[in-house]
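**Student:**
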Ligand code: FAD
Ligand code: NAD
């Protein structure tokens, strides 16, 4: 039986990063993945394919709506070739997943294809696709089995017309009307893809605002811009049934007033969150405990109740984000190597890759209010930037929340072009516990969207934004 210092179950961004870091630190490492491609949800059916479709559909929208204004004329009609778009997306996915295989080889990590299942706390049975089982032994084991789409108890997902994000990434036709249950990250990103491609899109959200965990100013601004893009929103709606009748799906909900309303669509995307995935792992054989919503319970070192078994990423508590999973993979590897790593969960940024992009780090205004922290706000609109006008992406703003007494930056919330990349400045500043004035005094290249960060910091420091 082959023995390892570490075996990682699951090859998503948590698992493969953990494996690489373990190998870098000199541990003999194996990774087990049930699918034939590495990279997990993120690379196969998550971050990468959704961004590929967001980018393709964005190009199409620009060609149809904005090229003319830029003085670019296209003779004839601009058309979508959905099949080609999906094929390109798959090409990007394939290239990226092969890249992970390359990294495994480079770092001399043994890859096992098969379902990993605990035999006991130090042995894993790997059930391979050919029906055979191989057992390996590992001193330490990292559970990185991720998550799967959640649904509602009364919904029968048929994966044809009543679908999750996985199917929405490979549709064979452009829906006439897509009803999306859930105005969170997936619903809005994929809703925007299909809206741009020509579908009517209706988002039905249970709460009274979209992206309800983010700062409410971002919810308002994103909804305003998406309404301009003709996405329809039904907030404060409690969906109670989803029924397929032939090629139609009928979605029934109670609205805010308690009245029953229904929507008819040809596709219904269910995007109400994701849940931890531990099926087939046989956690009981190792004695590993779970907590609420089936997540693997861990302590602050991401160690389970069984001392040589750790868990990371979507399968444990916290934000379900690829970069959070990656940080945790690194953390566990370094703990195993005897180091003392640390993650500041408050500084894990969140991004919605709609256009305009939405990005945030630190505390929201709602959280500061609830905690009774005295704060000040500096906000700067994108439309006041020369760069925004040059590219005609003028929607959005940067908002900085700073401590009223110390001026320390407590939260940065932004919406606008390229905010997914801009947020890193805020993360860096907050990692170094910068004050708003620290940011305000840094030179920001002109003309850039980043100037909005400086201006918002100036506004927070002393209400002294320069360009408004
Ligand atoms: P996963 O990526 O889910 O990987 C777990 C792996 O474990 C899978 O490959 C699975 O097959 C394997 N596995 C499970 N059980 C076993 C077993 N018993 N044996 C062997 N293998 C097993 N996050 C972002 O940060 N940015 C984004 O832009 C973003 N976009 C997303 C878009 C969509 C449509 C979706 C669905 C998700 C998106 N996410 C995004 C979330 C992100 O994909 C997850 O947070 C991330 O993949 C979690 O990583 P993980 O390593 O914990 O698990
Ligand atoms: P989410 O938690 O972001 O949003 C789910 C939404 O559904 C929420 O707004 C919630 O209020 C709503 N909802 C829940 N029950 C409902 C009901 N019965 N009726 C109507 N609305 C209901 O979840 P998601 O969008 O499914 O995404 C899943 C996970 O994947 C998230 O945790 C997210 O972090 C991750 N993800 C991240 C990105 C990114 O980082 N850009 C992109 C996609 C997915």
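In my numbering, the protein residues as written are 671 to 1138.
Heads up, the beta-carbon is just placed ideally off N, CA and C, and yes, glycines get one too.
Can you look up residue 1016 in the DSSP assignment and give me helix, strand or coil?
**Tutor:** Indexing the chain shown from 1 puts residue 1016 at position 346. Reduced to three states, the DSSP call for residue 1016 is helix.
**Student:** Taking C-beta to C-beta, are residue 931 and residue 923 nearer than 8 Å?
**Tutor:** On the chain shown, residue 931 is found 261 positions in, with the first residue counted as 1. On the chain shown, residue 923 is found 253 positions in, with the first residue counted as 1. In this structure, residue 923 lies closer than 8 Å to residue 931 by Cβ.
**Student:** Buried or exposed, going by whether 16 or more other CB atoms sit within 10 Å of the CB of residue 785?
**Tutor:** In the chain shown, counting from the first residue as 1, residue 785 sits at position 115. Buried is the call here.
**Student:** Within 10 Å of its beta-carbon, does residue 888 have 16 or more other beta-carbons around it, so buried, or fewer, so exposed?
**Tutor:** For this step, residue 888 is matched to residue 218 along the chain shown. Burial call: buried.
**Student:** Kindly indicate the opening and closing residues of the alpha helix (DSSP H) around residue 810.
**Tutor:** Counting from 1 along the chain shown, the entry for residue 810 is found at position 140. Note, residue 810: premise wrong, no alpha helix (DSSP H); beta strand (DSSP E) at 803-813.
**Student:** Whose C-alpha, out of 1023, 782 and 1051, is nearest the C-alpha of residue 797?
**Tutor:** Taking the chain shown and counting its residues from 1, one reaches residue 797 at position 127. That would be 782, whose Cα lies nearest to the Cα of residue 797.
**Student:** Taking 7 Å as the cut-off, is the beta-carbon of residue 812 closer than that to any non-hydrogen atom of the ligand FAD?
**Tutor:** Stepping through the chain shown from its first residue, residue 812 is reached at position 142. False, no ligand heavy atom lies under 7 Å from that Cβ.
**Student:** Tell me residue 771's beta-bridge partners as DSSP assigns them.
**Tutor:** Reading the chain shown from its first residue, position 101 is the one you call residue 771. Paired residues: none, contrary to the question.
**Student:** Provide the residue span of the alpha helix (DSSP H) that contains residue 1140, from first to last.
**Tutor:** Since the first residue of the chain shown is 671 and the last is 1138, residue 1140 is not available in this structure.
**Student:** Are the beta-carbon atoms of residue 1077 and residue 1125 separated by less than 8 Å?
**Tutor:** Mapped onto the chain shown, residue 1077 falls at position 407. Mapped onto the chain shown, residue 1125 falls at position 455. It is not a contact, given that the beta carbons lie outside the stated cut-off.
**Student:** Looking at C-alpha atoms only, which residue of 730, 701 and 1029 is the closest neighbour of residue 884?
**Tutor:** Residue mapping note: residue 884 aligns to position 214 of the chain shown, counting from 1. Ranking 730, 701 and 1029 by Cα distance to residue 884 puts 1029 first.
**Student:** Taking the alpha carbon of residue 934 as the reference point, which residue from 1116, 694, 685 and 917 has its own alpha carbon closest?
**Tutor:** Within the chain shown, residue 934 is the residue found at index 264, counting from 1. That would be 917, whose Cα lies nearest to the Cα of residue 934.
**Student:** For the beta strand (DSSP E) that residue 679 lies in, which residues bound it at each end?
**Tutor:** Residue 679 sits at position 9 when you count from the first residue of the chain shown. Here the beta strand (DSSP E) through residue 679 covers 673-679.
**Student:** Going by the beta-carbon positions, is the gap between residue 848 and residue 874 smaller than 8 Å?
**Tutor:** Residue mapping note: residue 848 aligns to position 178 of the chain shown, counting from 1. Residue mapping note: residue 874 aligns to position 204 of the chain shown, counting from 1. Going by C-beta atoms, residue 848 is not nearer than 8 Å to residue 874.
**Student:** Considering only their Cβ atoms, is the gap separating residue 710 from residue 683 smaller than 8 Å?
**Tutor:** What you label residue 683 is simply residue 13 of the chain shown in a count that begins at 1. What you label residue 710 is simply residue 40 of the chain shown in a count that begins at 1. For residue 683 and residue 710, yes; Cβs fall inside 8 Å.
**Student:** Does residue 1201 come out as helix, strand or coil in the three-state DSSP assignment?
**Tutor:** Absent from the structure is residue 1201, since the part of the chain shown begins at 671 and ends at 1138.
**Student:** Could you name the residues of the same chain whose beta carbon sits closer than 6 Å to that of residue 793, not counting the 5 residues immediately before and after it, in chain order?
**Tutor:** Mapped onto the chain shown, residue 793 falls at position 123. For residue 793, where only same-chain residues beyond five positions count, the Cβ hits under 6 Å are 805 and 807.
**Student:** Going by alpha carbons, who is nearest to residue 1083 out of 853, 927 and 1097?
**Tutor:** Numbered from 1 along the chain shown, position 413 holds the residue referred to as residue 1083. Comparing Cα positions, the closest option is 1097.
**Student:** If you scan the region 978-1042 from start to end, which runs of the alpha helix (DSSP H) of 4 or more residues do you find wholly inside it?
**Tutor:** Those alpha helix (DSSP H) runs which fall completely within the region 978-1042 and span 4+ residues are 992-1006 and 1035-1041.
**Student:** According to DSSP, simplified to helix, strand and coil, what is residue 733?
**Tutor:** Along the chain shown, one-based indexing puts residue 733 at 63. Residue 733 falls in the helix class under three-state DSSP.
**Student:** Buried or exposed: residue 671, going by 16 or more other Cβ atoms within 10 Å of its Cβ?
**Tutor:** If you number the chain shown from 1, residue 671 lands on position 1. It is exposed - the Cβ of residue 671 has fewer than 16 other Cβ atoms within 10 Å.
**Student:** Could you have a look at residue 1059 and say whether DSSP puts it in helix, strand or coil?
**Tutor:** Indexing the chain shown from 1 puts residue 1059 at position 389. It is helical.
**Student:** With distance defined between alpha-carbon atoms, name the residue in 720, 892 and 840 nearest to residue 668.
**Tutor:** There is simply no residue 668 to check, as the chain begins at 671 and stops at 1138 in what is shown.
**Student:** Closer than 7 Å to a non-hydrogen atom of the ligand NAD - does that hold for the CB of residue 946?
**Tutor:** For the purposes of this step, residue 946 is taken as the residue at position 276 of the chain shown. No, since every heavy atom of the ligand NAD falls outside the 7 Å radius drawn around the Cβ of residue 946.
**Student:** Could you tell me if the beta carbon of residue 787 falls within a distance shorter than 7 Å of some heavy atom in the ligand FAD?
**Tutor:** Here residue 787 refers to the residue found at position 117 of the chain shown. Under cutoff, so the answer is yes.
**Student:** Is any heavy atom of the ligand NAD found at a distance shorter than 7 Å from the C-beta of residue 942?
**Tutor:** Stepping through the chain shown from its first residue, residue 942 is reached at position 272. Yes.
**Student:** Cβ-heavy atom distance between residue 951 and the ligand FAD below 7 Å?
**Tutor:** On the chain shown, position 281 is the one that residue 951 refers to. Yes, since a heavy atom of the ligand FAD falls inside the 7 Å radius drawn around the Cβ of residue 951.
**Student:** Alpha carbon to alpha carbon, how far is residue 962 from residue 1055?
**Tutor:** Walking along the chain shown from the start, residue 962 turns up at place 292. Walking along the chain shown from the start, residue 1055 turns up at place 385. So the alpha carbons of these two residues sit roughly 46 Å apart.
**Student:** In chain order, what residues of the same chain have a beta carbon less than 6 Å from the beta carbon of residue 946, not counting five sequence neighbours either side?
**Tutor:** Here residue 946 refers to the residue found at position 276 of the chain shown. So the qualifying residues of the chain are 817, 964, 965 and 985.
**Student:** Between 681, 850, 698 and 770, which lies nearest to residue 919 when the distance is taken from Cα to Cα?
**Tutor:** Along the chain shown, read from residue 1 onward, the residue named residue 919 stands at position 249. Measuring from the Cα of residue 919, the nearest candidate turns out to be 850.
**Student:** Is residue 1080 closer than 8 Å to residue 1032 when the C-beta atoms are compared?
**Tutor:** Position 362 of the chain shown holds residue 1032. Position 410 of the chain shown holds residue 1080. Yes.
**Student:** With C-beta atoms as the reference, is residue 1046 less than 8 Å away from residue 1130?
**Tutor:** As a position in the chain shown, residue 1046 is number 376, starting the count at 1. As a position in the chain shown, residue 1130 is number 460, starting the count at 1. Contact: yes.
**Student:** Restricting to Cα atoms, I'd like to know which of 899, 890 and 915 is closest to residue 905.
**Tutor:** On the chain shown, position 235 is the one that residue 905 refers to. The shortest C-alpha separation from residue 905 is found at 890.
**Student:** For residue 1007, which residues from the same chain have a beta carbon less than 7 Å from its beta carbon, with the 5 sequence-adjacent residues on both sides left out?
**Tutor:** Residue numbering aside, residue 1007 sits at position 337 when the chain shown is read from its first letter. Excluding sequence neighbours, residue 1007 sits near 695.
**Student:** Check residue 959 in the structure and name its three-state DSSP category.
**Tutor:** Here residue 959 corresponds to residue number 289 of the chain shown, with the count starting at 1. Coil.
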